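Below: one structure, written as structure tokens.
In UniProt numbering, the protein residues as written are 1 to 208.
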């Protein structure tokens, strides 16, 4: 008697990506795509209805993002096995998703080479994190994290706000904002605002 197929749910707001995953899974004798969802809230509903063995979850989606969906699904179904699919290799975003309960983390650029192995590994109860992402996490594991206030300052800087405007919006003095920026530059190992925004976006600390 043959083993039951691994049942896979795909969550992504891009139909082309969902179709691409379906095409990859079609060629596998040991797995099948049982459903799809376009955002986090739809993912929760589909998970309840289908009880998939493995869920592939995008992070950036409308209505509800992937991390919030992972937290919601895992709170109802602690054994849920979820692999994040994302275009971002940022360590902060990856750690956030893994802490939320993801058991795998893949870059969309590696789907053709890694997806099948990742699904099988996670289904067996193992973790599967793309090597570039694992390297980024290891590289920054001892870094001091930005505080919530520093992230709030950086978000405003990223949309072009000057120190005076940042101070006004956050109810701080300009001197305090300058102090936060100095701390941000030190923690991110950068010399200016533009570089700070670029590095923070790449690592998943802020979204642009």
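Beta carbons are placed, not taken as given, at the ideal position from N, Cα and C, and that holds for glycine.
No experiment lies behind these values; they were computed from the predicted model shown.
Three-state secondary structure assigned by DSSP to residue i
i: residue 180; result: helix
Pairwise C-alpha distance: residue j and residue i
i: residue 177; j: residue 167; result: 6 Å
i: residue 38; j: residue 104; result: 20 Å
i: residue 4; j: residue 148; result: 46 Å
i: residue 24; j: residue 201; result: 30 Å
i: residue 81; j: residue 42; result: 17 Å
i: residue 180; j: residue 150; result: 6 Å
i: residue 136; j: residue 122; result: 21 Å
i: residue 131; j: residue 70; result: 22 Å
i: residue 34; j: residue 7; result: 6 Å
i: residue 182; j: residue 170; result: 17 Å
i: residue 12; j: residue 184; result: 33 Å
i: residue 50; j: residue 64; result: 19 Å
i: residue 26; j: residue 32; result: 7 Å
i: residue 192; j: residue 141; result: 23 Å
i: residue 145; j: residue 29; result: 44 Å
i: residue 175; j: residue 164; result: 9 Å
i: residue 18; j: residue 9; result: 10 Å
i: residue 20; j: residue 143; result: 37 Å
Task: Segments of 3+ residues assigned as beta strand (DSSP E) that fall wholly inside the UniProt domain "Response regulatory" (7–123) - done: Taking 3 residues as the minimum length, the beta strand (DSSP E) runs contained wholly in the UniProt domain "Response regulatory" (7–123) are 31–37, 54–58, 82–86 and 104–107, in order along the chain.
Open item on the list: Threshold first: 4 residues or longer. Then list the alpha helix (DSSP H) segments lying entirely within the UniProt domain "HTH luxR-type" (139–204), N to C.
Closed with: 148–158, 163–170, 174–188 and 193–203
Task: At least 3 beta-carbon pairs within less than 8 Å: the stretch 80–97 vs the stretch 55–62 - done: Segments in contact, yes.
- [ ] Could you say if the stretch 196–208 and the stretch 156–165 meet the contact criterion of at least three C-beta pairs nearer than 8 Å?
- [x] Counting Cβ pairs under 8 Å, three or more are found: they touch.
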